[in-house]
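The structure under discussion appears below in the form of structure tokens.
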Amino acid sequence: MVGEFLRFGTVGVAGFLVDAGVLTAGIALGTGPWLGRLLSYLAAATTTFALNRAWTFRSSRQEGGLGRQWLLFLLVNVLGFLCNYGTYAALLAGVPLVAAHPVIGVAAGSVAGLAANFFMSRRFVFGAAGADPRSSRA
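The UniProt record's numbering puts the first residue of the sequence shown at 1, with every later residue one more than the last.
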């Protein structure tokens, strides 16, 4: 499980880069920090789903079609999303530095949602809880 968590964290860094990049681009294109963040989160979640499916949980059972599994990933990560977006929104609304630099809020939100997303993804999306324990070693 430690190896999975480290891979999950590495994928999370890639997700953060997508999240921050799409948010920055969205703001530059006029979406504003609120709608821009919803769009950037969706882009980042799709990226992390693909990378986690291919790398982090590659040895776990992967039932159902790709689209079904992606929707399940989004659904079970609602708790992580609420932690992530709630942290972002609170900091954006209450901390002038974050209002001026929303990417700081993206980083804080990413950390807030990390554990919830890992355990929910591992258990419900990728079925790692029922996988062979030897397959989760780094």
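Quick reminder that beta carbons are idealized off the backbone N, C-alpha and C, glycines included. All values derive from a computational prediction rather than experimental measurement.
For Gly9, does the three-state DSSP call read helix, strand or coil?
helix
Kindly list the residues whose CB is nearer than 8 Å to the CB of Pro133, restricted to its own chain and excluding five residues on each side of it in sequence; keep chain order.
Residue confidence is low: Pro133 scores 43 on pLDDT, short of 50, so the model does not pin down where it sits. No coordinate-derived value is stated.
Inter-residue Cα distance where the pair is Phe36 and Val98
Reading off the sequence, residue 36 comes out as Gly, not Phe. If you take the alpha carbons of Gly36 and Val98, they lie about 15 Å apart.
Per-residue burial, Val78 [other beta carbons within 10 Å of its own, 16 or more giving buried]:
exposed
Segments of 4+ residues assigned as alpha helix (DSSP H) that fall wholly inside the UniProt domain "GtrA/DPMS transmembrane" (7 to 126):
32 to 51, 66 to 76, 78 to 94, 96 to 100 and 102 to 120
Suppose contacts are defined by Cβ-Cβ distances below 7 Å. Is Asn52 in contact with Val11 by that definition?
yes
Counting C-beta neighbours from all protein chains within 10 Å, is the total for Leu29 16 or more, i.e. buried, or is it exposed?
exposed
Grab me the residues of Phe118's own chain with a C-beta within less than 7 Å of its C-beta, minus the 5 sequence neighbours each way, in chain order.
Phe5 and Phe8
Gly26 and Leu39 look like a contact to me (Cβ under 8 Å); what is the Cβ gap, rounded to whole Å?
5 Å
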